[in-house]
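Residues 1 to 81 (the UniProt record's numbering) are what the sequence shown spells out, left to right. Positions of the beta carbon are idealized from the N, C-alpha and C atoms, including for glycine. Below you'll find the structure, written out as structure tokens, and then a few comments.
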Amino acid sequence: MDEHDIHQRISDLVATEHRLREALQRGELSAEEEHARLRAAEEALDQCWDLLRQRDARRAAGQDPQEAAARPVDEVEHYRQ
């Protein structure tokens, strides 16, 4: 997956977040369902941003950015900021 693909995935996930919030406002989803689906989208977004950071770091270190790989949600979600 290259940067273009990752950015497209990010755009798709952001659009999903917007659709979920709109569906909740229209009463098409319960708050619990919206929350669960938003959480999944947010976790996927975090993985995408992490993958972009890995690719940038590899490039800056003179390594092949294609060798970067998506990390598990548990690993990405528990970074210390």
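- Distance from Arg-71 to Asp-50 at the Cβ level is roughly 6 Å; contact confirmed, criterion being Cβ atoms closer than 8 Å.
- Judged by DSSP in its simplified three-state form, Glu-43 adopts helix.
- Taking Glu-3 as reference, the option from Val-73, Cys-48 and Ala-61 with the minimal CA-CA separation is Cys-48.
- At the C-beta level, Ala-68 and Arg-58 come within 8 Å of one another.
- Sequence-distant partners of Val-76 (beyond 5 residues in either direction) whose C-beta falls short of 7 Å from its own C-beta, in its chain, are Asp-46, Gln-47 and Asp-50.
- The alpha-carbon separation between Gln-8 and Val-14 amounts to approximately 10 Å.
- The residue from Ala-36, Met-1 and Asp-5 with its alpha-carbon nearest to that of Glu-17 is Ala-36.
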